[in-house]
Amino acid sequence: MATLTKINATKATFPVEGMTCASCANSIESMLRSRDGVTEASVNFAGKTVQVAYDKDLVSPTQLRQTVQEIGFDILIEKQTQDELEERQAKALASLKRKMMVAAVLATPVFILSMFFHDAFAWGNWLMLLLTAPVLFWAGQRFFIGAWAQAKHFRANMDTLVALSTGIAFIFSVFNTVYPEFFLSRGLMPHVYYEAVAVIIAFILLGKYLEENAKDRSSSAIKKLMGLQPKTVRVLRDGAEMAIKIEEVKLGDHVVLLPGDRVPVDGEVVSGQTYVDESMLSGEPLPVPKKAGDMVYAGTINQKGSLQLLAKNTGAETMLAQIIQKVQEAQGSKAPVQKLVDKIAGIFVPVVLAIAILTFATWILIGGEAYLSEALISTISVLVIACPCALGLATPTAIMVGVGKGAENGILIKDAESLEHAHKVNAVILDKTGTITLGKPSVTDVVWDENGVNKEHLEQLFFSLEAQSEHPIAQAIYTFYREKGRSFLQPEHFTSLTGLGVEADFNGKRYYAGNEALLAQQSIAVSDTLLKSAQQLQEQAKSAIFFSDAVQALAVFAVSDPVKPSAAEGIKAMQAAGLEVYMLTGDNQQTAAAVAKQVGIRHFEAALLPTDKSEFVKHLQTEGKVVAMVGDGINDAQALATADVSIAMGQGTDVAMDVAGITLMRSDLMQVARAVKLSRATVQTIHQNLFWAFFYNVICIPVAAGVLFPFTGFLLSPMIAGAAMALSSVSVVSNSLRLRAEKV
Numbered sequence: 000m001a002t003l004t005k006i007n008a009t010k011a012t013f014p015v016e017g018m019t020c021a022s023c024a025n026s027i028e029s030m031l032r033s034r035d036g037v038t039e040a041s042v043n044f045a046g047k048t049v050q051v052a053y054d055k056d057l058v059s060p061t062q063l064r065q066t067v068q069e070i071g072f073d074i075l076i077e078k079q080t081q082d083e084l085e086e087r088q089a090k091a092l093a094s095l096k097r098k099m100m101v102a103a104v105l106a107t108p109v110f111i112l113s114m115f116f117h118d119a120f121a122w123g124n125w126l127m128l129l130l131t132a133p134v135l136f137w138a139g140q141r142f143f144i145g146a147w148a149q150a151k152h153f154r155a156n157m158d159t160l161v162a163l164s165t166g167i168a169f170i171f172s173v174f175n176t177v178y179p180e181f182f183l184s185r186g187l188m189p190h191v192y193y194e195a196v197a198v199i200i201a202f203i204l205l206g207k208y209l210e211e212n213a214k215d216r217s218s219s220a221i222k223k224l225m226g227l228q229p230k231t232v233r234v235l236r237d238g239a240e241m242a243i244k245i246e247e248v249k250l251g252d253h254v255v256l257l258p259g260d261r262v263p264v265d266g267e268v269v270s271g272q273t274y275v276d277e278s279m280l281s282g283e284p285l286p287v288p289k290k291a292g293d294m295v296y297a298g299t300i301n302q303k304g305s306l307q308l309l310a311k312n313t314g315a316e317t318m319l320a321q322i323i324q325k326v327q328e329a330q331g332s333k334a335p336v337q338k339l340v341d342k343i344a345g346i347f348v349p350v351v352l353a354i355a356i357l358t359f360a361t362w363i364l365i366g367g368e369a370y371l372s373e374a375l376i377s378t379i380s381v382l383v384i385a386c387p388c389a390l391g392l393a394t395p396t397a398i399m400v401g402v403g404k405g406a407e408n409g410i411l412i413k414d415a416e417s418l419e420h421a422h423k424v425n426a427v428i429l430d431k432t433g434t435i436t437l438g439k440p441s442v443t444d445v446v447w448d449e450n451g452v453n454k455e456h457l458e459q460l461f462f463s464l465e466a467q468s469e470h471p472i473a474q475a476i477y478t479f480y481r482e483k484g485r486s487f488l489q490p491e492h493f494t495s496l497t498g499l500g501v502e503a504d505f506n507g508k509r510y511y512a513g514n515e516a517l518l519a520q521q522s523i524a525v526s527d528t529l530l531k532s533a534q535q536l537q538e539q540a541k542s543a544i545f546f547s548d549a550v551q552a553l554a555v556f557a558v559s560d561p562v563k564p565s566a567a568e569g570i571k572a573m574q575a576a577g578l579e580v581y582m583l584t585g586d587n588q589q590t591a592a593a594v595a596k597q598v599g600i601r602h603f604e605a606a607l608l609p610t611d612k613s614e615f616v617k618h619l620q621t622e623g624k625v626v627a628m629v630g631d632g633i634n635d636a637q638a639l640a641t642a643d644v645s646i647a648m649g650q651g652t653d654v655a656m657d658v659a660g661i662t663l664m665r666s667d668l669m670q671v672a673r674a675v676k677l678s679r680a681t682v683q684t685i686h687q688n689l690f691w692a693f694f695y696n697v698i699c700i701p702v703a704a705g706v707l708f709p710f711t712g713f714l715l716s717p718m719i720a721g722a723a724m725a726l727s728s729v730s731v732v733s734n735s736l737r738l739r740a741e742k743v
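When the letters of the sequence shown are read in order and numbered with numbering that gives the first Met the number 0, they come out as residues 0 to 743.
The structure is reproduced here in structure tokens:
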């Protein structure tokens with residue numbers, strides 16, 4: 000395989016057609032990986048897609064397609080809209096249904112003739128031959144085409160098992176129909192197995208039809224997200240309003256929105272006022288007011304007003320399109336447990352072929368020609384019942400439903416590995432600012448000294464003083480007074496005092512704003528009333544800011560970053576789920592202790608730098624804990640990258656969300672517990688699926704081989720084997736679909 004360079008690296012996802020089992024997926028992966036220029040190929044059997052990383056200078060999509068076609072499959076390299084893909088899938092499903100129905104109709108009289116009227120008619124075998132031939136060579140044609148394509152490359156899959164079992168049974172039956180004397184002359188009955196051939200094909204096609212229907216439902220989350228995109232858009236061009244397809248919208252277009260319209264692009268409001276329902280992004284039920292200068296996002300719903308938007312992001316660049324892409328990539332990614340399953344599936348079919356040969360040989364060695372009929376039945380049953388479909392569907396169907404369920408609930412999962420790892424988490428680290436708190440400091444208290452006079456003038460001075468500073472606390476005070484309509488004065492002199500506060504001169508008189516250390520440095524008197532008030536405010540996790548002239552403190556202001564309304568409830572939910580919760584912050588010890596007490600956190604660390612947070616994650620990991628880090632800022636990125644599972648708050652920075660494996664689309668700590676619960680439910684479903692898939696094969700293959708025959712005289716009918724095989728796949732997919740009803 001060629002090494003991918005950054006310049007020529009390309010990663011693409013293609014829909015796959017023709018897969019019938021996990022071995023098919025393995026064949027496609029290995030063939031693509033063997034192609035020069037391809038560095039990675041990952042097939043999602045349940046999602047019917049393949050992700051390929053390749054060097055576009057060494058291999059083209061057309062060559063990738065030819066590689067896949069060589070082994071009997073196909074990939075769609077042309078860009079397909081969701082409607083086009085659904086139309087292709089609908090046609091394929093309709094064709095499968097038609098063949099399944101024809102097979103069932105023709106198999107029924109064959110079964111009746113074989114079971115109840117076998118000796119009633121001399122021409123019975125010939126009639127069964129005529130009815131079975133179209134079932135095998137038309138309805139079951141896909142199995143023989145697929146098996147031959149695999150055989151040319153010395154590979155085997157489910158098609159091989161079905162083609163061998165039904166083909167051998169049919170040839171044996173035709174031989175006994177045309178030349179029954181061969182066995183009669185040897186004192187043996189010339190048995191025919193047309194009913195097994197016809198019923199096996201009918202059952203397998205029924206199973207595949209039910210399986211495809213179920214797999215289609217497992218991707219319902221993607222369809223719901225796709226449904227949020229309107230098909231047509233109204234735009235203003237050359238002074239005229241016209242309706243165009245959404246694909247034709249260009250950057251800079253003026254988009255017209257009427258009441259009730261779904262927003263087609265990410266855009267800036269140019270004119271008009273309205274309320275927009277953004278619940279699909281934020282999860283918040285209340286509509287958000289929008290006016291000129293505000294951003295609106297694709298997929299949200301305009302409520303009452305009419306708007307004109309300037310298109311900023313269109314098509315694949317919109318936030319909705321990126322969410323859809325992330326969900327698709329996550330559904331197509333493989334959980335770590337899947338790698339083991341893939342290895343097993345890769346050798347499964349050759350092992351089954353060996354078991355089938357051993358079964359036939361054992362029967363003949365034990366009983367000779369007298370047991371030829373039993374040998375044939377047992378061999379056919381082994382080949383039919385051992386289909387690896389259930390094994391291949393066990394993990395990806397659960398992942399698809401789990402990731403989709405998360406997307407529907409505002410939990411955006413980047414890959415299957417994050418979803419699987421989250422179920423092991425037993426320690427959660429929360430950043431304080433923006434995660435536990437709102438991340439928006441505001442003035443909460445103002446206490447003036449009783450000796451203060453002309454408060455309105457002093458407030459104007461304080462407002463003008465803090466307006467000069469870029470510190471977040473100063474900005475909170477500035478915003479507080481701006482909203483009160485205070486006027487602004489230009490200071491004659493301004494100086495920022497690092498770590499202390501600021502000073503400025505107005506009309507030849509000096510004023511200060513800052514902490515208690517600043518007042519002490521400048522020998523400014525502070526009344527007992529103000530000192531006591533400041534202490535009480537700090538005990539409430541508020542930052543105390545003093546305002547003074549050059550002689551005495553005039554007032555103390557409290558600035559606080561309020562705790563999110565749902566923070567305490569979210570932390571309680573995490574603790575109830577058995578998670579140990581820690582809070583890390585760069586704030587001082589007193590503020591950290593107050594916030595921790597307010598939300599019910601017992602373990603916290605204060606005055607930490609970004610590197611300190613990362614080291615704390617490592618410290619917990621050395622204690623054997625599986626750590627999830629929840630953050631929203633650039634300063635959290637290092638700790639997020641170090642943690643076993645990284646969770647970013649959706650209103651945080653792009654850096655945090657890029658690093659994180661899970662993004663919470665609404666900044667609600669209840670979502671952390673929900674994400675862990677979803678992971679646990681998904682992994683439990685995977686384990687259930689794998690258990691039953693392995694248990695099914697471990698039990699059924701020996702029974703099909705005839706191990707019970709010496710003790711009970713029981714021999715598994717190939718027809719029952721076909722039904723069992725179909726049922727195993729359907730049961731695994733159905734079990735995965737139960738996740739859709741899981742409450743998170």
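Glycine included, each C-beta is placed from N, C-alpha and C at the ideal position.
- Annotated as distal: G409 and L738, with beta-carbon spacing of 9 Å or more.
- DSSP, read as helix, strand or coil, puts M582 in strand.
- If you keep only unbroken beta strand (DSSP E) runs of at least 3 residues inside the region 238 to 315, you get 239 to 244, 253 to 256, 265 to 270, 273 to 276, 287 to 289 and 306 to 312.
- Assignment of L517 by DSSP, reduced to helix, strand and coil, places it in the helix class.
- For the 9 Å CB-CB criterion, A138 and V191 do not form a contact.
- Annotation: V234 to Q228 spans about 16 Å, alpha carbon to alpha carbon.
- The beta-carbon separation of I700 and A385, rounded to 5 Å, stays under the 8 Å limit for a contact.
- Contact between T273 and N301 holds: their C-beta atoms lie close to 6 Å from each other, under 8 Å.
- DSSP places R236 in the strand class (E or B) of the three-state scheme.
- Within the region 48 to 105, the runs of alpha helix (DSSP H) that reach at least 4 residues and sit entirely inside it are, in chain order, 60 to 68.
- Sorting L308, A310 and G298 by C-alpha distance to the C-alpha of A320 places G298 at the top.
- Judged by DSSP secondary structure, H492 falls outside any alpha helix (DSSP H) and instead within the beta strand (DSSP E) spanning H492 to L496.
- In the DSSP assignment, L129 falls within the alpha helix (DSSP H) that extends over G123 to P133.
- Relative to K230, the option among M30, A239 and I245 whose CA is nearest is I245.
- For G166, there is no enclosing beta strand (DSSP E); the residue is found in the alpha helix (DSSP H) stretching over M157 to V177.
- A check of alpha carbon separations from D667 across E419, T494 and I435 identifies I435 as the nearest.
- In this chain, the alpha helix (DSSP H) harbouring H456 covers K454 to E465.
- If you compare the alpha carbons of N156, T159, G712 and Y193 with that of F174, the shortest gap goes to Y193.
- Bounds of the alpha helix (DSSP H) holding V598 are Q588 to V598.
- Pairing V625 with K423 gives a Cβ-Cβ distance under 9 Å.
- Look at P335 here: in three-state DSSP terms it is helix.
- DSSP places I428 inside the beta strand (DSSP E), whose first and last residues are A426 to D430.
- Rounded to the nearest whole angstrom, the C-alpha separation of E407 and L418 is 15 Å.
- Using a Cβ distance threshold of 9 Å, E211 and A103 do not count as a contacting pair.
- Note on geometry: alpha-carbon atoms of N734 and L536 lie some 55 Å from one another.
- Across the structure, K96 and P288 are spaced so that their CA atoms are roughly 50 Å apart.
- Annotated as proximal: V262 and V295, with beta-carbon spacing under 9 Å.
- Membership of W447 in the beta strand (DSSP E) is indicated by the continuous run S441 to W447.
- Under DSSP, V37 forms a beta bridge with Y53.
- In this structure, A516 places its C-beta atom within 9 Å of the C-beta atom of L499.
- The Cβ-Cβ distance between A162 and F136 does not fall below 9 Å.
- Going by beta carbons, V196 and T131 fall inside the 9 Å limit.
- The three-state reading of DSSP puts Q551 in strand, counting E and B together.
- Residue nearest to Q637 within the set G623, E16 and T610 is T610 (criterion: CA-CA distance).
- Sequence-distant Cβ neighbours of L714 in its own chain, meaning closer than 7 Å and more than five residues away, are E373, I376, S377, G705 and F708.
- With distances taken between CA atoms, S270 lies nearest to V255 out of E277, A692, M724 and V255.
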